[in-house]
Structure formats: structure tokens, C-alpha cells
Amino acid sequence: PAYKKDSQVNGLDVMTYFWDERDGAAFCGWWFGPKVGGDQVWAYHPGKDIMTPPKSGWKVPYDGPVDASFAISKVAPGAAQQQEAWGQQQQQGYGQQQGYQQQQQQQQQ
């Protein structure tokens, strides 16, 4: 499965997608990037048995540690414009990080 944010960010599409084991077990899991299967990716979750994007446990950047402040949630179509949770998250040296219906856990408290 793949999901796409309704609008672009900094001129890029924001995709969340599952990648199977076709390129090896180390690449299997959920990814964030501007293109499904592309070389540019922003975040990774190794969940292989999850049919929808996981809410937490994402590695940001994709080869870094789990970022406990990075969380996502499903938003009804059309509601994304009303959500301030689409806020941008800066990662040192990696530019703007956007997520599929991204919410920082601090905003949920």
C-alpha cells in the first residue's frame, strides 16, 4: 500500500509506502519519501506485519535512531487542511521532514 499527502511540501510529493523484501530483508518495511521506491527517503519503520503505516517507532532519518517525537495518525479526507499537526519537523542536516498526517506527540498531550 501507498499513501500520498494531498499537497506538496517544498515542491515535493510526500509518500508513505510499504516496501517488500524484493531488495532484501533490510529494506522491507514502511518508508517516507517523495516517490515510491525512490532513493530519497526521510523516515523508515521496519514493521513487516503491519498493513497500515505505524503510528510511532519511526527512524528519522531513515538510518538513524527511533525518533520518539515523530508520530503519525490517519485524518479523514479533506480534514488535513484543518490540522495544524502537519507542522514541519527539522532534522539536523536533512532539511524539512514531513509525515503522512504527521503529529508530534507533544501536541497530543
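Per the numbering used here, the very first residue in the sequence shown carries number 336; after that it's consecutive.
Note that beta-carbon positions come from the ideal geometry of N, C-alpha and C, so glycine has one too.
This one's a predicted model, so the numbers in the text were calculated from it and none came from an experiment.
Query                                                                                                                           : Result
For F353 and P369, believed in contact at Cβ under 8 Å, the rounded distance                                                    : Between F353 and P369 the Cβ distance is about 16 Å, and since that is not below 8 Å, they are no contact.
Span separating the alpha-carbon of T351 from that of A361                                                                      : 17 Å
Backbone secondary structure at A360 - three-state DSSP                                                                         : helix
Contacts around D384, its chain only, beta-carbon distance under 6 Å, and the 5 residues preceding and following it disregarded : none
Best match in I407, L347, E356 for proximity to P381 [C-alpha to C-alpha]                                                       : E356
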